[in-house]
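One structure below.
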Amino acid sequence: MISQHDRVLRNPSHIRLIWASFVIAYLLTLLPWSGWAVMLEPNWLLLVLIHWWLREPWRVGQSAGFFTGLMMDVAQTGILGVSALSFSIAGWLTIKFRTRMLAFSPVAQAPQILPILIGARLVALLAVWLSGGGSPNWWLLLGSASDFIFWIPITLVLHQQDLRRSHPSP
Amino acid sequence: MSTREFFQRGPSPHVRLAFFCAFSIALVILDTRYHSVGFIRAGLNVLIYPAEQAARLPVYLYEQSVEFFTSQSELRAHNERLNHQLIVFSERAAQSASLEKDLNELRALNDLPARTRLPSILAEVSHGGRNPFTAKLVLDRGSRAGLIEGQPVMDADGLIGQVTHVSLLSAEVTMVTEQNQQIPVRILRNGLRTLSEGDGSSGTLSLPFLPEGADIQAGDQIVTSGIDGTYPEGLPVAMVAHIERSSSRVFARVTCTPVGGIGRGHYVLVLNPPKSADSAKITETTKAESDHD
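If you're matching them up, the sequences are chains W and Z in order.
7 is the number that the numbering used here gives to position 7 of the first sequence; each next residue is one higher, with no gaps.
Just add 1000 to wherever you are in the second sequence, counting from 1, and you've got the numbering used here.
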C-alpha cells in the first residue's frame, strides 16, 4: 500500500493551484466581515498555509508564512507583524510535526492541527496585548473552532484538485 | 518526476523561526511605538487595492439589488421623511447662519479671531471592523483625495474617530471606542471639561478622570471641547449611559455609548482639524505682514 507520504513525494503540486488557493483565501479574508462574524471567521490563509506546509514544504516554506502574515495584517488593518509572528510560529510547528501528521488521513490530522490553530490565535492575542492594544478578548479563541471545522473540507478539496492536476510519475 | 531537493538546504527551521520571529517583533515595535512602518503599509495597501475591490463586489451587488427591489411605498415614506428633515434643517441652518454672524461680530469686538468654516471631504466606508482586535474603519479615499493623518471623521449623528493611516487610495479611521483613544470633551449641560477614553472591545467610552462627586447624570450629552486643536469644538461624541459612584474610589466610573453611527453609516465626512486652519491663518498673517514691510 502506498502511504500518503510517498504520494506527496511522487506527485508535486501544480504551482498554479498553490497560487490560486492563496488568492482565493486572501479574497475570503478581504470580504467585509463584521460583528460576530469577525470572531467566527476561519483563518483562511492559515488553513491553506498548513495544507501546503504539510504537502509542499519545498515550495511553501516558513518565509511564505511570514509574508502571508504580513499581507493579512495589512488586509485586517491591524498592527504590522502580529499575524506574521503567529504564522511563522505555526509554520515551524507544522513543519516540525509534518512527517508524523502525513501518516494520518486529513480527517485524522484535524485534532493534531487544532493545537497549532489555537496556538496561532493565542500568539496573535498575546502580541496585541503586549504591544499595548488592551486586555485580550479571549472569545477570539473561539475562532479556532471554525478553523477546525473548515480544515477538513479545505484540505480535501485542495487534495482532490491536486490529484486531478498533478502528473502521475511513470 | 520533477527535480526537487531531497535533502533540505539552507538554514534549519529553528534558525528560520528565530529570524522571522525577530523580524515580526521588530515590525510590531516599530509600528506601535514609533509609527515608522507606515510606508510598508501604504505600499502594500495600494498593492491589495484591486483584490479589496473584487472582494467587495458581491456585497456591493447584493446591496444594489436590495436597493433596486425596495418597494414604492418604502421609497415614498423615506422621501417624505427626508423632506421633513430638510424643512427642519433649513430652518436651523438659517438660524445658525445668523448666529454665526452675531458670534463673529462679538468675537471681532473682543479682538478674537473669527471662526471659519472648515472645508471637508465626503468619503464612503469601504469596510469596517474586519480586524477583531481593533475598532477601525477603512474609507475609500486616500492621500490622492487630500486626506491626511489626524483628521477627525464624523457622520450625521456625531464623531466617529480620527484618520490614523493614509495610503494613496484608502485611509484607516481609528474609532472613538478604540482602546486608549483619548478625546478632550465637555459635558454639554454644564460645560465640565474632561477626557474620554475608548474601552476597546465593548464598544463603549468611559470618562476616567471625573471626580467621584462630579455633576454628571445618565443621559448627559458629551461633545468635543476643541482644546487639543484636533477635533473642532461641539461635535457630539457620546451619551452617558451608566454612572458608578463609590466612596472608596477617587474617580467615578462613567460609561458612555457613542452616538456616531459606528458600523452603520455608509458615508462619512472627513473634517480638517482646526489646527491646520489656524496655522494657515498664521502663515497668511505673517505673509501679509512681510508684504506690508
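We put the beta carbon where it would ideally sit given N, CA and C, even for glycine.
Exercise for the section: Decide yes or no for the touch test of the stretch 69-76 of chain W against the stretch 15-32 of chain W: beta carbon pairs closer than 8 angstroms, at least 3 of them. Expected result: Yes: the two stretches touch, three or more of their Cβ pairs being nearer than 8 angstroms.
Handout entry: Within 9 angstroms of chain Z by C-beta, residues of the stretch 68-85 of chain W in sequence order
Key = Correct list: 69, 70, 71, 73, 74, 75, 76, 77, 78, 79, 80, 81, 82, 83, 84 and 85.
Exercise for the section: Would you identify the three-state DSSP class for residue 1241 of chain Z, choosing helix, strand or coil? Expected result: Correct three-state label for residue 1241 of chain Z: strand.
Exercise for the section: Rounded to whole angstroms, what's the CA-CA distance from residue 120 of chain W to residue 89 of chain W? Just pull it up for me. Expected result: Looking at the two C-alpha atoms, the distance is approximately 7 angstroms.
Problem - Nearest residue (CA-CA) to residue 1205 of chain Z, options Z/1239, Z/1151 and Z/1188 - result: Measuring from the Cα of residue 1205 of chain Z, the nearest candidate turns out to be Z/1239.
Exercise for the section: Determine whether the Cβ of residue 1140 of chain Z lies closer than 8 angstroms to any Cβ atom of chain W. Expected result: Using a Cβ-Cβ cut-off of 8 angstroms, residue 1140 of chain Z does not count as an interface residue toward chain W, since no Cβ of chain W sits closer than that to its own.
Practice task
For residue 1273 of chain Z, count neighbouring C-beta atoms within 10 Å of its own C-beta (all shown protein chains included) and say buried if the count is 16 or more, exposed if not.
Solution key: Under this definition residue 1273 of chain Z is a buried residue.
Handout entry: Check: residue 1059 of chain Z C-beta below 7 angstroms from any heavy atom of the ligand SAH
Key = In the structure shown, the ligand SAH is absent, as is every other ligand, since no ligand is present at all.
Practice task
Please work out which residues of its chain come closer than 7 angstroms, Cβ to Cβ, to residue 113 of chain W, disregarding the five sequence neighbours upstream and downstream, and give them in chain order.
Solution key: Closer than 7 angstroms at Cβ, skipping near neighbours: 50 and 151.
Exercise for the section: Along the beta strand (DSSP E) that carries residue 1061 of chain Z, what are the first and last residues, could you check? Expected result: Here residue 1061 of chain Z belongs to no beta strand (DSSP E); instead the alpha helix (DSSP H) covers 1038-1068.
Problem - Distance between beta carbons of residue 1139 of chain Z and residue 1268 of chain Z, contact taken as under 8 angstroms - result: Taking the Cβ atoms as the reference, residue 1268 of chain Z lies roughly 7 angstroms from residue 1139 of chain Z, within the contact range of under 8 angstroms.
Practice task
Give the interface partners of residue 1045 of chain Z over in chain W, defined as CB-CB distance under 7 angstroms, in chain order.
Solution key: In chain order, 74 make up the part of chain W whose C-beta sits under 7 angstroms from the C-beta of residue 1045 of chain Z.
Problem - the stretch 1026-1059 of chain Z: positions lying closer than 7 angstroms to chain W by Cβ - result: Cβ contacts with chain W: 1027, 1028, 1031, 1032, 1037, 1040, 1041, 1044, 1045, 1048, 1051, 1052, 1054, 1055, 1056 and 1059.
Practice task
Could you give the DSSP three-state label for residue 26 of chain W: helix, strand or coil?
Solution key: Three-state DSSP puts residue 26 of chain W in a helix.
Exercise for the section: Step through the CB atoms of chain Z and report whether any lies within less than 8 angstroms of the CB of residue 119 of chain W. Expected result: Under the 8 angstroms criterion on CB atoms, residue 119 of chain W is classed as non-interfacial with respect to chain Z.
Exercise for the section: Identify each residue in the stretch 1008-1021 of chain Z for which the Cβ-Cβ distance to at least one residue of chain W is less than 8 angstroms, and report them in chain order. Expected result: Those residues of the stretch 1008-1021 of chain Z that come within reach of chain W (Cβ to Cβ, closer than 8 angstroms) are 1013, 1014, 1016, 1017, 1020 and 1021.
Exercise for the section: Please report how far the alpha carbon of residue 1281 of chain Z lies from the alpha carbon of residue 1113 of chain Z, in whole angstroms. Expected result: For residue 1281 of chain Z, the predicted model reports a pLDDT of 48, less than 50, meaning its position is unreliable and no value from the coordinates is stated.
Problem - Own chain partners of residue 81 of chain W with C-beta closer than 7 angstroms, once the 5 adjacent residues on each side are dropped - result: 73, listed in sequence order.
Problem - residue 1270 of chain Z and residue 1147 of chain Z closer than 8 angstroms at C-beta - result: A contact, by the Cβ cut-off of 8 angstroms.
Exercise for the section: Please go through the stretch 72-132 of chain W and give each complete beta strand (DSSP E) segment of 3 or more residues, from N-terminal end onward. Expected result: Secondary structure in the stretch 72-132 of chain W: no beta strand (DSSP E) run of 3 residues or longer lies completely within the stretch.
Handout entry: Helix, strand or coil at residue 1033 of chain Z [DSSP, three-state]
Key = The answer is helix: DSSP assigns residue 1033 of chain Z an H, G or I state.
Handout entry: Coarse secondary structure for residue 1074 of chain Z, derived from DSSP in three states
Key = Helix.
Exercise for the section: Can you give me the start and stop residues for the alpha helix (DSSP H) that residue 60 of chain W sits inside? Expected result: No alpha helix (DSSP H) holds residue 60 of chain W; DSSP gives it neither H nor E.
Exercise for the section: Give the residues of chain Z in contact with residue 115 of chain W, contact being defined as C-beta atoms less than 8 angstroms apart. Expected result: Neighbours of residue 115 of chain W on chain Z: none; closest Cβ ~17 angstroms, over 8 angstroms.
Handout entry: Interface residues of chain Z facing residue 177 of chain W [CB-CB closer than 7 angstroms]
Key = The question about residue 177 of chain W has no answer here: the residues shown for chain W are numbered 1 through 170.
Handout entry: C-alpha distance - residue 983 of chain Z paired with residue 1207 of chain Z, whole-angstrom precision
Key = Outside the shown range of chain Z, which is 1001 to 1293, sits residue 983 of chain Z, and nothing can be said about it.
Practice task
Identify the continuous alpha helix (DSSP H) that holds residue 241 of chain W and give its terminal residues.
Solution key: The displayed coordinates of chain W run from 1 to 170. Any statement about residue 241 of chain W would go beyond what the structure contains.
Practice task
Tell me whether residue 17 of chain W sits in a helix, a strand or coil according to DSSP, three-state version.
Solution key: Helix at residue 17 of chain W.
Practice task
Go ahead and label residue 26 of chain W buried or exposed: buried means 16 or more other beta carbons lie within 10 angstroms of its beta carbon, across all protein chains shown.
Solution key: So residue 26 of chain W counts as buried.
Practice task
Give the residues of chain W in contact with residue 1197 of chain Z, contact being defined as C-beta atoms less than 9 angstroms apart.
Solution key: The premise fails here: residue 1197 of chain Z is roughly 11 angstroms from chain W at the closest Cβ pair, so nothing lies under 9 angstroms.
Problem - Straight-line Cα distance separating residue 1190 of chain Z from residue 1284 of chain Z - result: A caution first: residue 1284 of chain Z carries a pLDDT of 48, below 50, which makes its placement in the model unreliable, though a value can still be read off. Each residue's alpha carbon lies about 36 angstroms from the other.
Problem - Candidates Z/1036, Z/1067, Z/1235 and Z/1046, of which the one nearest residue 1161 of chain Z by Cα - result: Distances from the alpha-carbon of residue 1161 of chain Z to those of Z/1036, Z/1067, Z/1235 and Z/1046 put Z/1235 closest.
Problem - Distance, residue 52 of chain W Cα to residue 95 of chain W Cα - result: Annotation: residue 95 of chain W to residue 52 of chain W spans about 10 angstroms, alpha carbon to alpha carbon.
Practice task
Could you tell me whether the Cβ of residue 1136 of chain Z comes closer than 8 angstroms to any Cβ of chain W?
Solution key: Interface criterion met: the Cβ of residue 1136 of chain Z is under 8 angstroms from a Cβ in chain W.
Handout entry: First and last residue of the uninterrupted beta strand (DSSP E) at residue 1120 of chain Z
Key = Counting along the chain, residue 1120 of chain Z sits inside the beta strand (DSSP E) bounded by residues 1120-1128.
Problem - Assumed close pair residue 1024 of chain Z, residue 84 of chain W - CB separation to whole angstroms, cut-off 8 angstroms - result: Rounded to whole angstroms, the Cβ separation of residue 1024 of chain Z and residue 84 of chain W is 4 angstroms, and the two are in contact under 8 angstroms.
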